[in-house]
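Numbering (our numbering), first residue to last: 40 to 423.
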């Protein structure tokens, strides 16, 4: 007896589960420093004194910007003696690394990327796979982890910064694109997880089932849509989601070793799927979103420790800084217009602190207190 009613089966994901190997960011972000909250494991990397980093700059032809590329050289392989290695040991990055654990942030990125992004093959027997898929305790486990992953993506996508300073539209498609983008980050980590590849794929199915259930609720929340048309709209949203995920997959498979072209292709993907081909968007805004994608690919896929990821714990890091953006003419970008009351209500900005607006499966709104775990139908009012 299944414990979860999935809207779609695993077969519905086959359109973009060909799973190209995904190269991760090898250059510093353009507007924000791509640092990590997690140190590398010393056992997985060579010693820092045997590695030399060289930083070069190149230009993006599409958006006329400059980004930094870091290359790594194995000093022992190049035949350098210990004295030469010691003299060059300070050539790392612009950041002064303060601890030994953080001294490998940029070490052997090519080797680590190649090792981490290979899609693993499960060595479980057929009976072990059947146990994972049908035993109630195992079903419960993957449902819980899949739900945690989705809620982590949902909370990040609901952050008001995206729709205020970040200038993302508050329409259904734009908000769904931000949510689907963060689900895609988790998907990329799950398909290369070598701890338990078979379980990771089952968790991925639960993650997307939860996404489609949430999408159904958001569609039903629009009272202008008749119930008989809900499934049609769901299929449309799924198609757009698969197209977006496939486009981002293409960026990291086709341009695996070409950061400049990858940035250009990511810019197109952001403009098409997140900004909805907004003709008024500026390249400064697009490039900050591109830098965020590159950072999260490195943060989630490479640097998030397995012990945290297996528990469904995700640390997203900082949202891009959207202040002091410039127009294409180099002038200061005017402030975004204030949100309308209905937009503030949709984003939950009109609620007291620690309260969230949540939807039932039928699309009806209720309110949830994160501190007390209290739920209620009536809109909470902040008592002064």
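A virtual CB, placed ideally from N, CA and C, is assigned to each residue, including glycine.
Whole-angstrom distance between residue 305 and residue 256, CA atom to CA atom: 30 Å
Residue from 161, 261, 228, 249 with nearest C-alpha to residue 381: 261
Endpoints, the beta strand (DSSP E) within which residue 395 is located: 394–398
Contiguous alpha helix (DSSP H) assignments of at least 4 residues, all confined to the stretch 215–280: 236–259
Residue 355 - DSSP class collapsed to helix/strand/coil: coil
Residue 417 to residue 404 span [Cα, whole Å]: 9 Å
Cβ pair residue 313, residue 192 closer than 7 Å: no
Segment contact flag, the stretch 361–374 with the stretch 323–331, C-beta cutoff 8 Å, min 3 pairs: yes
Separation of residue 207 from residue 199, as counted between CA atoms: 10 Å
Helix, strand or coil at residue 315 [DSSP, three-state]: coil
Bounding residues of the beta strand (DSSP E) (the contiguous stretch that carries residue 404): 404–408
Cβ pair residue 184, residue 351 closer than 7 Å: yes
Extent of the continuous alpha helix (DSSP H) run through residue 326: 322–335
Option in 302, 258, 406 with minimal Cα separation from residue 277: 258
For residue 343, three-class secondary structure by DSSP: coil
Extent of the continuous alpha helix (DSSP H) run through residue 418: No alpha helix (DSSP H) holds residue 418; DSSP gives it neither H nor E.
Beta-carbon proximity list for residue 290, same chain, < 7 Å, skipping 5 on both sides: 301, 304, 305, 308
Supposed contact pair residue 315 and residue 213 - C-beta distance, whole angstroms, cut 8 Å: 6 Å
Contact under 7 Å by Cβ, residue 412 with residue 393: no
Proximal residues to residue 415 (C-beta, below 7 Å), its chain only, five neighbours per side dropped: 405, 406
Inter-residue Cα distance where the pair is residue 354 and residue 346: 13 Å
Beta carbon of residue 331 nearer than 7 Å to that of residue 359: yes
Within-7 Å CB hit, residue 263 to chain B: In the structure shown, chain B cannot be found, because there is only a single protein chain.
Beta-bridge partners of residue 2, as assigned by DSSP: What the structure shows of the chain is the stretch from 40 to 423, and residue 2 is not part of that stretch, so it cannot be assessed.
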